[in-house]
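Everything on this sheet refers to the single structure shown next.
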Amino acid sequence: MANESRKMVVLGAGASIGSKRYPINSSLDQLRDRMPSAENFFYDLFKLNKTENHNERFLNFLGLTYEALYDVIVRAWNINKGNNDFDPNGWRGVNIEEVMTFFDVGSNMFDQDSQEGKLYRQAQKSLLDFMFPLIPMICEGQHCEYLLRVFFGLEPKDTVISYNWDTIAEYTLAKAKANQIRNYAKLMRSDKIEPRMYRNTGLLLKLHGSFNWMVCKNPECPSFDTIKPPFQKNRYKLIGLNESYTCKDCGSNNLRPLIVPPVSNKMIHKDEFLKNQWLIAREKLLDTNELIFIGYSFPPTDYYSEWLFRQIYFIENRNDIKITVVNPQYGKRGSAVTKRYDTIFNDFEIESYKTLKDFAERN
Ligand SMILES: [Zn+2]
Numbered sequence: 000m001a002n003e004s005r006k007m008v009v010l011g012a013g014a015s016i017g018s019k020r021y022p023i024n025s026s027l028d029q030l031r032d033r034m035p036s037a038e039n040f041f042y043d044l045f046k047l048n049k050t051e052n053h054n055e056r057f058l059n060f061l062g063l064t065y066e067a068l069y070d071v072i073v074r075a076w077n078i079n080k081g082n083n084d085f086d087p088n089g090w091r092g093v094n095i096e097e098v099m100t101f102f103d104v105g106s107n108m109f110d111q112d113s114q115e116g117k118l119y120r121q122a123q124k125s126l127l128d129f130m131f132p133l134i135p136m137i138c139e140g141q142h143c144e145y146l147l148r149v150f151f152g153l154e155p156k157d158t159v160i161s162y163n164w165d166t167i168a169e170y171t172l173a174k175a176k177a178n179q180i181r182n183y184a185k186l187m188r189s190d191k192i193e194p195r196m197y198r199n200t201g202l203l204l205k206l207h208g209s210f211n212w213m214v215c216k217n218p219e220c221p222s223f224d225t226i227k228p229p230f231q232k233n234r235y236k237l238i239g240l241n242e243s244y245t246c247k248d249c250g251s252n253n254l255r256p257l258i259v260p261p262v263s264n265k266m267i268h269k270d271e272f273l274k275n276q277w278l279i280a281r282e283k284l285l286d287t288n289e290l291i292f293i294g295y296s297f298p299p300t301d302y303y304s305e306w307l308f309r310q311i312y313f314i315e316n317r318n319d320i321k322i323t324v325v326n327p328q329y330g331k332r333g334s335a336v337t338k339r340y341d342t343i344f345n346d347f348e349i350e351s352y353k354t355l356k357d358f359a360e361r362n
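The opening residue of the sequence shown carries number 0 in numbering that gives the first Met the number 0; numbering runs sequentially from there.
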């Protein structure tokens, strides 16, 4: 193993935000050429680009579709400061992960049947209904031009790990015709997973689930509660959003994507499929000699991720492991991102790039 070079590319939220989405083939793409960030999720989502006929403007997607949810967030984040008008600037800094956490805590603080408990659970459901299918719509069929260059450099046994629910990584791997996407399809199709068997297989792992991992919630369905592989039957082509609304086994529309919100992180070990994804990632890490983190910040609540990457100290020949961090916050004096990386990888030299573009264009 020692002479063979193996990479692991880890994609965090910043990889999607920094992505150069392509192709731009509809007016919707033109209005929105960036993925929303977690930090300014709603603000980014409401903001529409300048076009030939319009100046930059804001559209209140949330208030138009889930008014009650909109009202609760406006209230709890004191967004309008008592005013009733839609104020896009008030939504700056309203972080999607903090909003999800707020509703998660609330829904656990009250009895299931109480008025408050119902309200919080309804808000949680509305928020997921709002994100799905909106986010998958934004990235349907889209790949990232910068990431594509990175993926062209992948060797057959290299690994791509994504923490993102969107499908930018999948479509970009497919565009690069990388074997990682085919092996990911095989993994999604296998009935029984033995993590050790994947040690020499180059593949994509989505550690927080995905907007295209559809699960049928109809208890009568033969495939009740199991993830449907997001690929067309007997093929390696990803299914489109419109094919993911109806269950092929029972015909119901009772499908939900399997995604792990940040606070439910602690639940990962309870889902056999997800747990195996993490164990495969660990197997792959043991043979890695180049680790590349793109747009990942090591949030302190991501306990599983810290556990995973601390496995690096169980590798005997770890001296020649190269670590690269692509993150505008890394290297800033006193930034939380710098501290996290330097604490976890205190035995390593870290090379860094500010943007995905810089990294893609290196050499
Ligand atoms: Zn079904």
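Where a beta carbon is used, it is the ideal one built from N, C-alpha and C, also for glycine.
Along the alpha helix (DSSP H) that carries residue i, what are the first and last residues, could you check?
i    : result
W90  : Premise fails: W90 is in no alpha helix (DSSP H) and is neither H nor E.
C249 : Careful: C249 lies outside any alpha helix (DSSP H) and carries neither H nor E.
E305 : Y302 to F308
I137 : Q114 to C138
K6   : Not the alpha helix (DSSP H): K6 falls in the beta strand (DSSP E), residues K6 to L10.
Y145 : E144 to F151
K338 : A335 to I343
L355 : L355 to A359
Let me check understanding here. Comparing Cα to Cα, which of the options lies closest to residue i?
i    : options                   : result
Y197 : M34, D286 and E348        : D286
G140 : R332, A168 and R120       : A168
C143 : N82, P260, S106 and I293  : I293
Y340 : P218, Y295, L355 and R234 : Y295
W90  : D103, S113, A37 and N54   : A37
L44  : F223, Y183, F151 and F129 : F129
N288 : V262, V93, E315 and L278  : E315
F363 : L68, L307 and S222        : Absent from the model: residue 363. The displayed extent of the chain is 0 to 362, so no value can be given.
P87  : F102, L355, W164 and N39  : N39
Y170 : E193, N94 and I137        : I137
D165 : K269, W76, P132 and R317  : P132
L126 : I95, S161 and P135        : I95
N233 : G330, R181 and T100       : R181
P228 : E219, C220, K216 and S209 : S209
N59  : I16, D112, V73 and T50    : V73
D319 : F347, N241, V325 and T300 : F347
N211 : D190, G239 and L203       : G239
K353 : Q328, V159 and Q29        : Q328
G11  : R281, Q111 and Y162       : Y162
N83  : V93, C249, P261 and G62   : G62
S222 : L118, K321, L254 and F313 : L254
S189 : K124, D28 and E271        : E271
N326 : F358, E305, T300 and Q310 : F358
A177 : K191, P218 and D157       : D157
K236 : K216, I267 and Q179       : Q179
Y42  : S25, G92 and I23          : G92
Regarding residue i and ligand 1, is the C-beta to nearest heavy atom distance less than 6 Å?
i    : result
C143 : no
N217 : yes
D224 : no
C220 : yes
N248 : For the sequence presented, residue 248 should be read as Asp rather than Asn. Within the cutoff, so yes.
S251 : yes
For residue i, count neighbouring C-beta atoms within 10 Å of its own C-beta (all shown protein chains included) and say buried if the count is 16 or more, exposed if not.
i    : result
V363 : The question about residue 363 has no answer, for the chain in this structure spans 0 to 362.
Y145 : buried
Y302 : exposed
A1   : Unreliable placement is indicated for A1, whose pLDDT of 48 sits below 50; no coordinate value is reported for it.
R20  : buried
M108 : exposed
M213 : buried
G333 : exposed
T342 : exposed
K247 : exposed
H207 : buried
A335 : exposed
A175 : buried
F313 : exposed
Q231 : exposed
R195 : exposed
R361 : exposed
G13  : buried
P299 : exposed
First and last residue of the beta strand (DSSP E) that includes residue i?
i    : result
N211 : G208 to C215
S351 : I349 to Y352
I322 : K321 to V325
Under 6 Å from any heavy atom of ligand 3, does the C-beta of residue i make it?
i    : result
L206 : Only ligand 1 can be found as ligands here, which leaves ligand 3 out of the picture.
> Fully enclosed by the segment 249-300, which beta strand (DSSP E) runs are 3 residues long or longer?
Replying inline: Listed in chain order, the beta strand (DSSP E) runs fully inside the segment 249-300 are 254-258 and 289-293, counting runs of at least 3 residues.
>> Please give me, in chain order, every unbroken run of the beta strand (DSSP E) with length at least 3 that falls completely inside the segment 30-77.
In response: As summarised for the segment 30-77, there are no continuous beta strand (DSSP E) elements at least 3 residues long confined to that stretch.
>> Which complete alpha helix (DSSP H) runs does the segment 154-237 hold, if anything under 4 residues is left out?
In response: Fully enclosed alpha helix (DSSP H) runs of 4 or longer: 167-174 and 178-188.
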